[in-house]
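Chemist: All letters in the sequence shown, in the order written, are residues 50 to 671 by this note's numbering. Beta carbons: idealized from backbone N, C-alpha and C, even for Gly. Values in this document were obtained by computation on a predicted structure and should not be read as measured data.
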Amino acid sequence: MQYDIIVVGAGHAGIEAALAGARLGKKTLLITMLVEQIGAASCNPAIGGLAKGHLVKELDALGGEMGLCTDASGIQFRVLNGSKGAAVQGTRAQIDMDEYKEYMRKVCHNTPNLDIYQDEVTSLIVENSEVLGVKTKLGEEFRSLKTILTTGTFMRGLIHIGENTYEAGRAWELPSTTLSIQLKELGLNVGRLKTGTPSRLDANSIDFSVMETHGGDVKPTPFSFRTSKKDFNPTQYPCYVTYTNLSTHELIAANFHRAPIYTGQIQGSGPRYCPSIEDKVKRFSERERHQLFLEPQTAKCTEYYINGMSSSLPIEIQKQMIASVKGLENARVIRYGYAIEYDYVDPTELKHTLETKKIKNLYHAGQINATTGYEEAAAQGLMASINASLAIDGKEPFILRRDEAYIGVLIDDLVTKGTHEPYRMFTSRAEYRLLLREENADIRLSQYGHELGLIDDETFAKVENKRKVLEDAINYMANTWITSKKETLELLESIGEEKINDKVLLVDLIGRNTIDIEKLDILVPSLKELDDYLKEQIIVEAKYYRYIQKQQKQIEKMKKMLKLNIPENFSYKGLPGLSNEVIEKLEKHRPPTLYNASLISGITPAALDIIHLNLNMFLKQK
Numbered sequence: 050m051q052y053d054i055i056v057v058g059a060g061h062a063g064i065e066a067a068l069a070g071a072r073l074g075k076k077t078l079l080i081t082m083l084v085e086q087i088g089a090a091s092c093n094p095a096i097g098g099l100a101k102g103h104l105v106k107e108l109d110a111l112g113g114e115m116g117l118c119t120d121a122s123g124i125q126f127r128v129l130n131g132s133k134g135a136a137v138q139g140t141r142a143q144i145d146m147d148e149y150k151e152y153m154r155k156v157c158h159n160t161p162n163l164d165i166y167q168d169e170v171t172s173l174i175v176e177n178s179e180v181l182g183v184k185t186k187l188g189e190e191f192r193s194l195k196t197i198l199t200t201g202t203f204m205r206g207l208i209h210i211g212e213n214t215y216e217a218g219r220a221w222e223l224p225s226t227t228l229s230i231q232l233k234e235l236g237l238n239v240g241r242l243k244t245g246t247p248s249r250l251d252a253n254s255i256d257f258s259v260m261e262t263h264g265g266d267v268k269p270t271p272f273s274f275r276t277s278k279k280d281f282n283p284t285q286y287p288c289y290v291t292y293t294n295l296s297t298h299e300l301i302a303a304n305f306h307r308a309p310i311y312t313g314q315i316q317g318s319g320p321r322y323c324p325s326i327e328d329k330v331k332r333f334s335e336r337e338r339h340q341l342f343l344e345p346q347t348a349k350c351t352e353y354y355i356n357g358m359s360s361s362l363p364i365e366i367q368k369q370m371i372a373s374v375k376g377l378e379n380a381r382v383i384r385y386g387y388a389i390e391y392d393y394v395d396p397t398e399l400k401h402t403l404e405t406k407k408i409k410n411l412y413h414a415g416q417i418n419a420t421t422g423y424e425e426a427a428a429q430g431l432m433a434s435i436n437a438s439l440a441i442d443g444k445e446p447f448i449l450r451r452d453e454a455y456i457g458v459l460i461d462d463l464v465t466k467g468t469h470e471p472y473r474m475f476t477s478r479a480e481y482r483l484l485l486r487e488e489n490a491d492i493r494l495s496q497y498g499h500e501l502g503l504i505d506d507e508t509f510a511k512v513e514n515k516r517k518v519l520e521d522a523i524n525y526m527a528n529t530w531i532t533s534k535k536e537t538l539e540l541l542e543s544i545g546e547e548k549i550n551d552k553v554l555l556v557d558l559i560g561r562n563t564i565d566i567e568k569l570d571i572l573v574p575s576l577k578e579l580d581d582y583l584k585e586q587i588i589v590e591a592k593y594y595r596y597i598q599k600q601q602k603q604i605e606k607m608k609k610m611l612k613l614n615i616p617e618n619f620s621y622k623g624l625p626g627l628s629n630e631v632i633e634k635l636e637k638h639r640p641p642t643l644y645n646a647s648l649i650s651g652i653t654p655a656a657l658d659i660i661h662l663n664l665n666m667f668l669k670q671k
């Protein structure tokens, strides 16, 4: 059977890839090991967080599904870093894992142009370094113009619990045993990584009364810009906080010799920023305790996930370790924690479109690219599918710049720098994070989503109205002077604001950290009739106004470099003045622009000048 796009794997990357392809009018096939596991949250029951929330918002602004699904299945919503600036805040939601799967499965089954098939893809159909489709374990062959691999942890997945190991993609789910072997044979650089998950506990066996309670926000913020804020009022379920102690640490330390990550049993590199409890005790031996966050897995609250206690220790040690924690003395384990090793493909093997450089028509998204996290995976799935669809139509690729989106940062980091550990997103990775805030993701990206056909006219009209209101308000305030006359000083004193000694622009006054909606209504009465959401956005824009001006100047410099595209047939070999090491890196990464070349480790300004000079000569000759 012939398809436009085949997506292999129905995790977070696969779902977004399949939905985007189908919605863009492409006949799409989604192949999964288990239909019941479409949209399964393999690890923690949560979406978003610091920087990860940005990815979900951007995904939503482009027309992805994760934000809508989270709003429909969320059981607690919180804005992290709420007391800090908007640029480093992140929305996080606890989800009902069962409801999340059910929602995504229903959406997939009811999307036109999308077929779903349960089987294992055992190999790619490849001719002349070009993928033409896939073969399955049951002997089926499906042909396609483009194929997207979103295999998660399933390629040669191996689970570790103490000395015990067994092959699986997730606990008790069959792995993919042959696909990564073929990818290696095709010349791709295949490596090995590991991640892990903690035990799940029976809620009835936990003493929550001795723990700290963490509830959701009083006024919860939805993830999707398409969710009505006025009608958004989900039932919020609490999480609980407890801590490890010295007894816990002594027990773990006494059993390092049985921990697979230290015995040599595990070969793959683990996530440095989400370490196992064994790692935390060893690396931070000076700490007397580590925080544990108990999260309900569903609205039924029958099972709790112990965030912060990922472990691959033997089950008898896990039992003792859990029982040593306050409130968990009598806890019953329903599912034990484990570590999982799996194969991935070096992301520097990819173009910015997420198509492999060596094999035509093959795209990778998610953990196969050495990332970790539902959000990182979903963003890649969407972008891979968009670019596959555009390529089918003979159109230019869709590549987001680092100053446009966290998604742009994510993909650029992966394909130009690579990684030796599971990559996760942080706000610190985004050099233009003052511009790339959660609340303005719709303004930044919805135009792209609309042009692609993933955002409808009505939704886009609302975004454009928001854009106009904010622009008009900021332009007005940036051109309105406030003088230190008596009436002004009295007004400022009446609302508890510091006086001004000279004239100031209204935008700088509103940009003070002490300004809230009530004070905005008094200082700028012309905006009083706007709804509170827009007023909040105006205040945020005013706070960042001066900083954004500086960043815009930096971006203009960057755009000049970005305008110079590097043709795929441009050769760095033999360029005078470039070291062999620099040439090797450039030939390997094949950066699409001069700016992307500048981001590669070891590429100096002098090397960029040489490339720039020779590139101009090359383009003139064409």
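For the putative contact between SER225 and THR200, defined by C-beta atoms under 8 Å, what is the C-beta separation to the nearest angstrom?
Modeler: Contact flag correct, Cβ pair sits at about 6 Å.
Chemist: Spatial neighbours of GLN316 within its chain, please: C-beta separation below 6 Å, excluding the five flanking residues on both sides.
Modeler: The answer, listed in chain order, is ARG241.
Chemist: Looking at the secondary structure, which residues open and close the beta strand (DSSP E) in which TYR412 lies?
Modeler: Segment 411 to 413, the beta strand (DSSP E) holding TYR412.
Chemist: Taking C-alpha atoms, which residue in HIS661, ARG384 and LEU439 lies nearest to LYS612?
Modeler: It is HIS661.
Chemist: At the level of alpha carbons, what is the spacing between GLU404 and ASP462?
Modeler: The straight-line gap from Cα to Cα measures roughly 15 Å.
Chemist: So, GLY112 versus GLN143, is the Cβ gap smaller than 8 Å?
Modeler: Not in contact: GLY112 and GLN143 (Cβ atoms no closer than 8 Å).
Chemist: Could you tell me which of ASP53, LYS155 and SER132 sits nearest to ILE87, measuring between CA atoms?
Modeler: If we check each option's Cα against that of ILE87, LYS155 comes out closest.
Chemist: What does DSSP give as the partner residues of ARG219 in its beta bridges?
Modeler: Note: ARG219 sits in a beta bridge opposite GLU222.
Chemist: Go ahead and pull the three-state DSSP assignment for PHE191.
Modeler: Three-state result, PHE191: strand.
Chemist: In the structure shown, what three-state DSSP assignment does LYS568 receive?
Modeler: If DSSP states are grouped into helix, strand and coil, LYS568 belongs with the helices.
Chemist: With a cut-off of 8 Å on the beta carbons, I'd call ILE531 and LYS552 a contact; round off their distance for me.
Modeler: Their Cβ separation, rounded to whole angstroms, is 6 Å, which keeps ILE531 and LYS552 in contact under 8 Å.
Chemist: How is GLN138 classed by DSSP in three states: helix, strand or coil?
Modeler: Note: GLN138 maps to coil in three-state DSSP.
Chemist: Beta-carbon separation of ALA302 and VAL330 under 8 Å?
Modeler: Cβ atoms of ALA302 and VAL330: closer than 8 Å.
Chemist: Can you tell which of MET610, GLY415, ASP658 and GLN601 has the C-alpha that lies nearest to the C-alpha of PRO625?
Modeler: For PRO625, the nearest C-alpha among the options comes from ASP658.
Chemist: Going by beta carbon distance, what residues of the same chain come within less than 6 Å of HIS499, once the five residues before and after it are set aside?
Modeler: Hits under 6 Å: PHE509.
Chemist: For PRO363, which residues in the same chain have their Cβ closer than 6 Å to its Cβ, ignoring the five residues on either side in sequence?
Modeler: Excluding residues within five positions, the ones whose Cβ falls inside 6 Å are GLY211 and ARG307.
Chemist: Run through the DSSP bridge pairs and tell me what VAL175 is partnered with.
Modeler: The partner list for VAL175 (beta bridge, DSSP) reads VAL180.
Chemist: Kindly provide the ranges of any beta strand (DSSP E) runs that are 3 or more residues long and lie completely inside the region 449 to 489, ordered along the chain.
Modeler: List check, beta strand (DSSP E) in window: nothing returned.
Chemist: Determine the direct distance from the alpha carbon of MET370 to that of ALA490, and round the result to whole angstroms.
Modeler: One C-alpha to the other measures close to 43 Å.
Chemist: By DSSP's criteria, ASP164 is part of a beta bridge. Which residues make up the other side?
Modeler: Answer by DSSP bridge pairing, in chain order: LEU78.
Chemist: Rounded to a whole number of angstroms, what is the C-alpha to C-alpha distance between GLY58 and TYR423?
Modeler: Cα to Cα, GLY58 sits roughly 13 Å from TYR423.
Chemist: Between which two residues does the alpha helix (DSSP H) containing THR119 stretch?
Modeler: It spans 115 to 122 - the alpha helix (DSSP H) in which THR119 sits, taken as one unbroken run.
Chemist: Assuming contact is defined by CB atoms lying nearer than 8 Å, are THR563 and GLU536 in contact in what I supplied?
Modeler: No, Cβ-Cβ distance for THR563 and GLU536 is not below 8 Å.
Chemist: Return yes when the Cβ of ILE174 is within less than 8 Å of the Cβ of VAL183, no when it is not.
Modeler: Yes, these two residues count as a Cβ contact at 8 Å.
Chemist: If GLU487 and LYS106 are in contact, beta carbons under 8 Å, what's the gap, nearest whole angstrom?
Modeler: GLU487 to LYS106, Cβ: 5 Å. Contact.
Chemist: Only counting the same chain, and skipping five residues up and downstream in sequence, which positions put a Cβ closer than 6 Å to that of ALA433?
Modeler: Cβ neighbours of ALA433 beyond the five flanking positions: ALA66, ILE197, LEU403, TYR412 and ALA414.
Chemist: Where are the alpha helix (DSSP H) runs, 4 residues long or more, that stay fully inside the region 334 to 389, in chain order?
Modeler: You should have 364 to 372.
Chemist: Can you tell me the Cα-Cα spacing of MET115 and LYS622, whole angstroms?
Modeler: C-alpha separation (whole angstroms): 44 Å.
Chemist: Could you pull the DSSP bridge partners for VAL553 from this structure?
Modeler: Answer is ILE531.
Chemist: Under the assumption that LYS592 contacts GLY560 (Cβ atoms under 8 Å), give the Cβ distance between them as a whole number of angstroms.
Modeler: Right, their Cβ atoms sit about 5 Å apart.
Chemist: Distance, Cα to Cα, ILE255 vs LYS368?
Modeler: Roughly 14 Å between the two C-alpha positions.
Chemist: For GLN670, count neighbouring C-beta atoms within 10 Å of its own C-beta (all shown protein chains included) and say buried if the count is 16 or more, exposed if not.
Modeler: Its Cβ having fewer than 16 others within 10 Å, GLN670 is exposed.
Chemist: Whose CA, out of ILE165, ILE456, LEU250 and SER273, lies closest to the CA of TYR385?
Modeler: With distances taken between Cα atoms, TYR385 lies closest to LEU250.
Chemist: When you compare only the Cα positions, how much space is there between LEU223 and ILE652?
Modeler: Approximately 43 Å between the Cα atoms of the pair.
Chemist: Less than 8 Å between C-beta atoms, sequence neighbours within five positions excluded: which residues of the same chain meet that for HIS469?
Modeler: If we look at HIS469 and ignore the five residues flanking it on each side, its Cβ neighbours are SER318.
Chemist: Assuming ILE64 and GLY502 are in contact, meaning their beta carbons sit under 8 Å apart, how far apart are those beta carbons, in whole angstroms?
Modeler: With a Cβ gap of about 18 Å, ILE64 and GLY502 do not count as contacting.
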